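Each protein sequence line maps, in turn, to chains A and B. One point on numbering: in my numbering, the residue at position 71 of the first sequence is 71, and numbering is uninterrupted. So the number in my numbering is just where the residue sits in the second sequence, counting from 1, plus 242. Accompanying notes for the structure given below.
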Amino acid sequence: MSGGWIAEIADTLLSVTIAVTPLTVLFLIFQVFLLKLPLGQVAEILKGTAIAAVGLFLFLFGIGIGFLPFGRVIGEALGALEQRWLFVLIGFLLGFFTTWGEPAVRVLCNQVEEASNGSIRRSLVLITICIGVAVWVALGVLRLLQGIPLLYLLTPGYVLVVVLMWLGHRTFIAIAVDAGGVATGPLANSFLLALALGASASLGDRETIVQGFGFVALIALAPITSLMILGFLIRMLTGAKE
Amino acid sequence: MISLLKEKLAEVLQAMAPLVATVCLLQFTLVHAPVELFIQFVVGSMLAATGMLLLLTGIDIGILPMGRFLGAELPKKQSLLLIIAVAFAIGFAVTSAEPDVLVLGGQVDVVSGGAMPRQAVVFVIALGVGLFTALAMVRIVTGWSMRNILMVSFLTALILAWVAPATFVPLAFDSGSVTTGVLSAPVMISLAMGLSSVLAGRSAVSDGFGIMGFASIGPIFAILLMGMLLS
Numbered sequence: 001m002s003g004g005w006i007a008e009i010a011d012t013l014l015s016v017t018i019a020v021t022p023l024t025v026l027f028l029i030f031q032v033f034l035l036k037l038p039l040g041q042v043a044e045i046l047k048g049t050a051i052a053a054v055g056l057f058l059f060l061f062g063i064g065i066g067f068l069p070f071g072r073v074i075g076e077a078l079g080a081l082e083q084r085w086l087f088v089l090i091g092f093l094l095g096f097f098t099t100w101g102e103p104a105v106r107v108l109c110n111q112v113e114e115a116s117n118g119s120i121r122r123s124l125v126l127i128t129i130c131i132g133v134a135v136w137v138a139l140g141v142l143r144l145l146q147g148i149p150l151l152y153l154l155t156p157g158y159v160l161v162v163v164l165m166w167l168g169h170r171t172f173i174a175i176a177v178d179a180g181g182v183a184t185g186p187l188a189n190s191f192l193l194a195l196a197l198g199a200s201a202s203l204g205d206r207e208t209i210v211q212g213f214g215f216v217a218l219i220a221l222a223p224i225t226s227l228m229i230l231g232f233l234i235r236m237l238t239g240a241k242e
Numbered sequence: 243m244i245s246l247l248k249e250k251l252a253e254v255l256q257a258m259a260p261l262v263a264t265v266c267l268l269q270f271t272l273v274h275a276p277v278e279l280f281i282q283f284v285v286g287s288m289l290a291a292t293g294m295l296l297l298l299t300g301i302d303i304g305i306l307p308m309g310r311f312l313g314a315e316l317p318k319k320q321s322l323l324l325i326i327a328v329a330f331a332i333g334f335a336v337t338s339a340e341p342d343v344l345v346l347g348g349q350v351d352v353v354s355g356g357a358m359p360r361q362a363v364v365f366v367i368a369l370g371v372g373l374f375t376a377l378a379m380v381r382i383v384t385g386w387s388m389r390n391i392l393m394v395s396f397l398t399a400l401i402l403a404w405v406a407p408a409t410f411v412p413l414a415f416d417s418g419s420v421t422t423g424v425l426s427a428p429v430m431i432s433l434a435m436g437l438s439s440v441l442a443g444r445s446a447v448s449d450g451f452g453i454m455g456f457a458s459i460g461p462i463f464a465i466l467l468m469g470m471l472l473s
């Protein structure tokens, strides 16, 4: 047991180090040649980066020892359920709450509220992203249960996005595609993916790896569709020309 | 900083509580996992919550200003080339260091039967992200329509997906998630916001956002094309 923990700590440390290093090095290069900020400000930025790095380490480590193995166990239990609809429902709930807890999603929502001077509420964006992921995770569960090819879900999804792009409010296009990026953060990538893998293992069919691939793709598409629908609704309701 | 921590603590608790509560509920109704594993989950969530508190605080103090300063300073140099180069450097460097990309590279290595070694995959994905990040900056400066570019990109990706070998499709669309580093996302967005705030007639929202999403199309193209070339 303890040997596994040490390996986990070493792995996480390595991940965090390689995630923080290029950003810091690039910043220092820019600082010397371009920015030339006062030293106090540089120190503050580096302090913040160091705090963020420690935080990222604890966060990833906690996910690694807590959420990852438990996601798999939940997936196995759900895959063995007699009542298939219950699995779809729980997939919906876990999709919602996982995204609700994803740090990068929160940072994005804050940035949206700040950039729009408060005219777009962060809670509205957050809830819309979460609903989107919930719906698509439920669809992903259906896909696992029925063995639906990924492209049969992705194609209508992306076509819907392209259509809504023309019908909806322009402001939401940019936010929507960024949300697709942040929704697939570390929590979703590990917890929801482990859940999907556990489920397909206990469904006992097909190649587990192939089934697990593509789950993240659905989560990435999810908030794009839901925010574009929100943009569409807002344009309909306000009758704004944009 | 203490008041910032307090503010973030409320946010973290509100963020994590529903998920942890749902998992606990499942544990006692459906899952019934061994107690040891459940305790490990509880400890893991407490660590993750503490980590998230520090992460969000650190992002506010250090990471966001870093992007903001860069975004405000770059356009003053009056050089589109410099902006493109910086965007490319950030996109490329951050992606090639992303742990997810290494994992993905390993998966492509397996699916392609070793024809596409991991290092090559990582390089191609990072190149894809770098190019599309640079293109996103060009878009902000030139004011091209986001709609047109996205429409062409999405439809092209779909067409490629139907043509490319089926095993590469899920990998390609999963690779969209590699541009989403918790640290790189805020930098990119505040860089774009800084850039659009100094250019006349740009909206902080519809021009400041979109870079991450746009950059994630790069690796989708890269992996699909790779799959087609190999078959």
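Where is the CB? At the ideal position from N, CA and C, for every residue including glycine. These numbers were taken from a predicted model, which means no experiment stands behind them.
- Neighbours of B/Thr292 in chain A, taken as residues at a C-beta separation under 9 Å, are given in chain order as Gly55, Leu58, Phe59 and Gly62.
- Taking all protein chains shown into account, A/Trp100 has 16 or more neighbouring C-beta atoms within 10 Å of its C-beta and is therefore buried.
- In the three-state scheme derived from DSSP, where H, G and I count as helix and E and B as strand, A/Lys36 is classed as coil.
- Think of a sphere of 7 Å around the beta carbon of A/Pro103: the chain B residues whose beta carbon falls inside it are Met294, Leu297, Leu298 and Val424, in chain order.
- In the structure shown, B/Thr409 falls within a coil segment according to DSSP collapsed to helix, strand and coil.
- Three or more Cβ pairs drawn from the stretch 336-346 of chain B and the stretch 367-374 of chain B lie within less than 8 Å of each other, which places the two stretches in contact.
- For A/Trp100, the chain B residues whose C-beta falls within less than 7 Å of its own C-beta are Ala257, Pro260 and Leu261, listed in chain order.
- Proximity to B/Gly460 across B/Ala376, B/Phe311 and B/Ser287 peaks at B/Ala376, based on C-alpha coordinates.
- Relative to B/Leu433, the option among B/Ala378, B/Ile391 and B/Ser419 whose CA is nearest is B/Ala378.
- Just measuring C-alpha positions, the residue of A/Leu86, A/Phe172, A/Arg143 and A/Glu102 sitting nearest A/Arg121 is A/Phe172.
- For B/Glu249, no chain A residue has a C-beta closer than 8 Å to its own C-beta; the minimum C-beta separation is roughly 11 Å.
- For B/Met308, the uninterrupted alpha helix (DSSP H) run begins and ends at Leu306 to Glu315, by DSSP.
- Interface residue (Cβ-Cβ distance to chain B less than 9 Å): A/Phe215 is classified as such.
- Judged by beta-carbon spacing, B/Gly452 lies beyond the 9 Å limit of A/Thr184, meaning their Cβ atoms are not closer than that value.
- Annotated three-state conformation of A/Asn117 is coil, per DSSP.
- Closest in C-alpha terms to B/Leu251, from the list B/Ser458, B/Thr409, B/Gly385 and B/Ala290, comes B/Ala290.
- With a threshold of 16 other beta carbon atoms within 10 Å, A/Ile65 meets it and is buried.
- By the CB criterion at 9 Å, A/Phe59 and A/Pro186 fall inside the cutoff.
- Here A/Phe61 has Thr12 as same chain residues with Cβ atoms under 6 Å from its own Cβ, once five neighbours each way along the sequence are excluded.
- Contact check for B/Asp416 and B/Leu472: beta-carbon distance about 18 Å, past the 8 Å limit, so the pair fails to qualify.
- In this structure, A/Leu35 places its C-beta atom within 9 Å of the C-beta atom of B/Phe311.
- For the stretch 393-419 of chain B, the residues whose beta carbon sits under 9 Å from a beta carbon of chain A are, in order, Met393, Phe396, Leu397, Ala399, Leu400, Ala403, Trp404, Ala408, Thr409, Val411, Pro412, Leu413, Ala414, Phe415, Asp416, Ser417, Gly418 and Ser419.
- Within the stretch 159-237 of chain A, the runs of alpha helix (DSSP H) that reach at least 4 residues and sit entirely inside it are, in chain order, 171-183, 193-203 and 208-212.
- Contact between B/Ile325 and B/Phe410 does not hold, since their C-beta atoms are separated by about 33 Å, which reaches or exceeds 8 Å.
- In this structure, the CA atom of B/Val277 is about 16 Å from the CA atom of B/Val262.
- Under the three-state reduction of DSSP output, A/Trp136 falls in the helix class.
- Residue state for B/Val371 is assigned as helix, using DSSP reduced to three classes.
- The three-state secondary structure of B/Val424, taken from DSSP, is coil.
- Residue nearest to A/Leu227 within the set A/Glu44, A/Ile74, A/Thr238 and A/Val133 is A/Val133 (criterion: CA-CA distance).
- A Cβ-Cβ contact shorter than 9 Å links B/Met430 with B/Ala457.
- In the structure shown, the three-state DSSP call for B/Arg360 is helix.
- At least 9 Å separates the beta-carbon of A/Leu167 from that of B/Leu400.
- Against chain A, a Cβ distance below 7 Å from B/Ala331 picks out Leu26.
- By the CB criterion at 9 Å, A/Ile175 and B/Val394 fall outside the cutoff.
- In the displayed model, B/Trp386 falls within coil according to three-state DSSP, outside both helix and strand.
- B/Met393 carries a helical assignment under DSSP once its states are collapsed to helix, strand and coil.
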